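Quick notes on the structure that follows.
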Amino acid sequence: KQEVTQIPAALSVPEGENLVLNCSFTDSAIYNLQWFRQDPGKGLTSLLLIQSSQREQTSGRLNASLDKSSGRSTLYIAASQPGDSATYLCAVFNQAGTALIFGKGTTLSVSS
Amino acid sequence: DVKVTQSSRYLVKRTGEKVFLECVQDMDHENMFWYRQDPGLGLRLIYFSYDVKMKEKGDIPEGYSVSREKKERFSLILESASTNQTSMYLCASRGLKDRRSGEFFGPGTRLTVL
Numbered sequence: 005k006q007e008v009t010q011i012p013a014a015l016s017v018p019e020g021e022n023l024v025l026n027c028s029f030t031d032s033a034i035y036n037l038q039w040f041r042q043d044p045g046k047g048l049t050s051l052l053l054i055q056s057s058q059r060e061q062t063s064g065r066l067n068a069s070l071d072k073s074s075g076r077s078t079l080y081i082a083a084s085q086p087g088d089s090a091t092y093l094c095a096v097f098n099q100a101g102t103a104l105i106f107g108k109g110t111t112l113s114v115s116s
Numbered sequence: 340d341v342k343v344t345q346s347s348r349y350l351v352k353r354t355g356e357k358v359f360l361e362c363v364q365d366m367d368h369e370n371m372f373w374y375r376q377d378p379g380l381g382l383r384l385i386y387f388s389y390d391v392k393m394k395e396k397g398d399i400p401e402g403y404s405v406s407r408e409k410k411e412r413f414s415l416i417l418e419s420a421s422t423n424q425t426s427m428y429l430c431a432s433r434g435l436k437d438r439r440s441g442e443f444f445g446p447g448t449r450l451t452v453l
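One line per chain: the protein sequences are S and C, in this order.
Numbered as in this note's numbering, the first sequence ends at 116 without a single skipped number.
Numbered as in this note's numbering, the second sequence ends at 453 without a single skipped number.
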């Protein structure tokens, strides 16, 4: 059964730092992997989607990488800002699956 | 842009009431999903639907039912609400023809059962 783990559970950094959020999954037979952002009390906003055949995706200050063979993905945030404070969720879509399987998220706090 | 809307942002109900949560998507997506999100437990799949009138149980279907009479609308029903169903409920959709595009989520409904 696919399991998704995100480390750390919480992270606090000063503004301007570059940071990395980690996601690992136990079954490498995935179709794609999606990173989401969730603000308190709100829904999920998709940040980046990586297909299983891709190694990375970039959007602005965000870069997500995927190493399917080792079951790992990282979300790199450059030059962090207080507005980046949120919970970041990683989710995988299995090749034989029908719905996303989520990690429990990393809650990021960026102080000014 | 895909838009997924949910009928209420906040809902307060009493134990034993029948509760309807509505979700509508505007991208002609075949697949629709209902999740609940709880602190420490993350997102858990309640039910999903892969087509009109078709449904499948997710990981935690007990106490819930669903209805999909039209392609764009997926309803979650709590037949007799209980306090342990107090949670954040999230609806999502995904296109079958373009699985590469990922899942799109609504804004969520925060349900409190008293």
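Every residue, glycine too, gets a C-beta built ideally from N, C-alpha and C.
Quick caveat, the model's predicted, so the values are computed rather than measured.
Boundaries of the beta strand (DSSP E) around residue 91 of chain S: 90 to 98.
Contact between the region 16 to 25 of chain S and the region 68 to 85 of chain S is present: three or more C-beta pairs spanning the two stretches fall below 8 Å. Pairing residue 7 of chain S with residue 29 of chain S gives a Cβ-Cβ distance under 8 Å.
Boundaries of the beta strand (DSSP E) harbouring residue 395 of chain C: 393 to 396, taken from the DSSP string. The beta carbon of residue 56 of chain S does not come within 8 Å of any beta carbon belonging to chain C, so the residue lies off that interface. Residue 48 of chain S has a beta carbon lying within less than 8 Å of a beta carbon in chain C. Distances from the CA of residue 46 of chain S to each of C/423, C/358, C/386, C/344 were compared; the closest alpha carbon is that of C/344. Within chain S, the C-beta atoms nearer than 8 Å to that of residue 395 of chain C come from 102, in chain order. Counting every other CB atom within 10 Å of its CB across the protein chains shown gives residue 349 of chain C a total below 16, marking it as exposed. In this structure, the CA atom of residue 389 of chain C is about 16 Å from the CA atom of residue 99 of chain S. For residue 365 of chain C, no beta strand (DSSP E) run applies, since DSSP gives it neither H nor E.
Residue 381 of chain C sits close to residue 107 of chain S, with the two beta carbons spaced by under 8 Å. Taking C-alpha positions only, residue 383 of chain C is separated from residue 400 of chain C by approximately 10 Å. The beta carbon of residue 89 of chain S lies closer than 8 Å to those of 112, 113, 114 in the same chain, with the five residues before and after it left out. Listed as beta-bridge partners of residue 57 of chain S by DSSP are no residues whatsoever. Within chain C, no residue has its beta carbon less than 8 Å from that of residue 72 of chain S; the closest one is some 16 Å off. In the structure shown, residue 376 of chain C adopts extended strand secondary structure according to DSSP, grouped into three states.
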